[in-house]
Amino acid sequence: MRYIPIGPPPGFLPKLQQAYRNAFNRVNERYDSTLVHGIDQQVLDESEPFYDDEEGFRLELPDDPYGRLTDVVVEEERFETVLEEYVAAVETELERVFGD
Numbered sequence: 001m002r003y004i005p006i007g008p009p010p011g012f013l014p015k016l017q018q019a020y021r022n023a024f025n026r027v028n029e030r031y032d033s034t035l036v037h038g039i040d041q042q043v044l045d046e047s048e049p050f051y052d053d054e055e056g057f058r059l060e061l062p063d064d065p066y067g068r069l070t071d072v073v074v075e076e077e078r079f080e081t082v083l084e085e086y087v088a089a090v091e092t093e094l095e096r097v098f099g100d
């Protein structure tokens with residue numbers, strides 16, 4: 001299995017931003033906006049999207065995502081649930097936006 005980081009071809013950044021924005025909006029409709037904003041700004045801002053020919057897109061998260069979250073009081077289990085759904089939404093949107 002090989003992982004290829006997404007390269008910066010023309011039009012890449014707007015598509016990447018659109019995928020993250022779409023995922024944010026979807027998750028923000030379902031969960032507390034303070035928590036979603038915290039995950040967006042303090043965890044996913046340090047994530048790296050990768051593409052694998054066999055598995056598609058995936059996000060590599062920074063170490064200790066829960067420990068990165070400040071100014072938001074949330075149980076770790078709740079955080080993990082929202083983070084997992086947010087990551088899945090980003091990966092789905094990356095497939096949709098870049099899959100054309």
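Numbering-wise, the working numbering puts 42 at position 42 of the sequence shown, and it's gapless, one number per residue.
Even for Gly, the Cβ is constructed at its ideal location relative to N, Cα and C.
Since we're looking at a predicted model, the values are computed, not measured.
On the CB-based measure, 16 or more other CB atoms within 10 Å of its CB, does residue i come out buried or exposed?
i	result
D40	buried
F12	exposed
G99	exposed
E84	exposed
E75	exposed
Going by alpha carbons, who is nearest to residue i out of the options?
i	options	result
R26	G99, A88 and E95	A88
V43	F24, P14 and F98	F24
N28	E60, E80, E55 and Y86	Y86
V82	F57, P49, T92 and Y31	Y31
Can you tell me which of the three DSSP states residue i falls into?
i	result
L59	strand
E75	coil
Between which two residues does the alpha helix (DSSP H) containing residue i stretch?
i	result
E54	First-last for E54: undefined, no H or E at that position.
V126	No answer is possible for residue 126: the residues shown for the chain start at 1 and end at 100.
Give me whichever residues DSSP pairs with residue i in a beta bridge.
i	result
E29	DSSP, once it has assigned bridges, lists no residue as partnering E29.
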